[in-house]
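For the sequence shown, my numbering assigns the number 335 to the initial residue and increments by one for each residue that follows. Ideal Cβ placement from N, Cα and C applies to all residues, glycine included. Beneath this line is the structure, given in structure tokens, with notes to follow.
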Amino acid sequence: MTIDYADLDYQSIKNTNIGKGFELLKSNALKNAILTLEDGTREYSTSYEAFEYLGIAYLMSGHFNRAIGALTKACEIKPASATAHYNLAIAYENAKVYNDALTHFTTAAELNPTHTLAQDKIIEIAQIIPETKKGRIRLLKGKGEG
């Protein structure tokens, strides 16, 4: 599972529970990371980073439905973030909710046409959902042909 950290602003939150949670997340102390990041989301309820890191921690812990909740909030806070949509799509994919995964991979690719991870996932997920395969792949190819 590949997580995207591209647009996360660590410097602005490094001395908060969000930053501490991220450090725990990086050291793979997932249980403590989740507890600390949950505190961070309560302290900073409009922080994109708080919900993105919490969603990633849930995702890495295998709590896919919780990851979907946190990452959905990150997308609501920062709807133009390809990173947020990509990570939400990863959560949906792991929860086997493929239509929603495809939607958010597509959104990530539309927001950032050079997001190759999202583009690759569109093709991969389209193989799982045959009825949408041709339309989604056409959409992807149309973006790259400029």
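Do the region 410-422 and the region 384-392 touch if we need at least three Cβ pairs shorter than 8 angstroms?
-> yes
CA-CA distance, T417 and A442?
-> 7 angstroms
Taking only the alpha-carbon atoms, compute the straight-line gap between T440 and A452 and give it to the nearest angstrom.
-> 7 angstroms
Nearest to K430 by alpha carbon, out of I402, T448 and E410?
-> I402
Put K365 into one of helix, strand or coil per three-state DSSP.
-> In this structure, K365 counts as helix in the three-state DSSP scheme.
Note down the Cα distance separating N399 from C409, rounded to an integer number of angstroms.
-> 15 angstroms
Have a look at G396, I462 and Y382 and flag the residue whose alpha-carbon is nearest the alpha-carbon of D434.
-> Distance check between D434 and each of G396, I462 and Y382 places I462 closest, using alpha-carbon atoms only.
With 16 as the cutoff for other CB atoms within 10 Å, does K348 come out buried or exposed?
-> exposed
6 angstroms CB neighbourhood of K354 in its chain, flanking five on each side removed | T370
Just the Cα atoms here: how many angstroms apart are E458 and A367?
-> 31 angstroms
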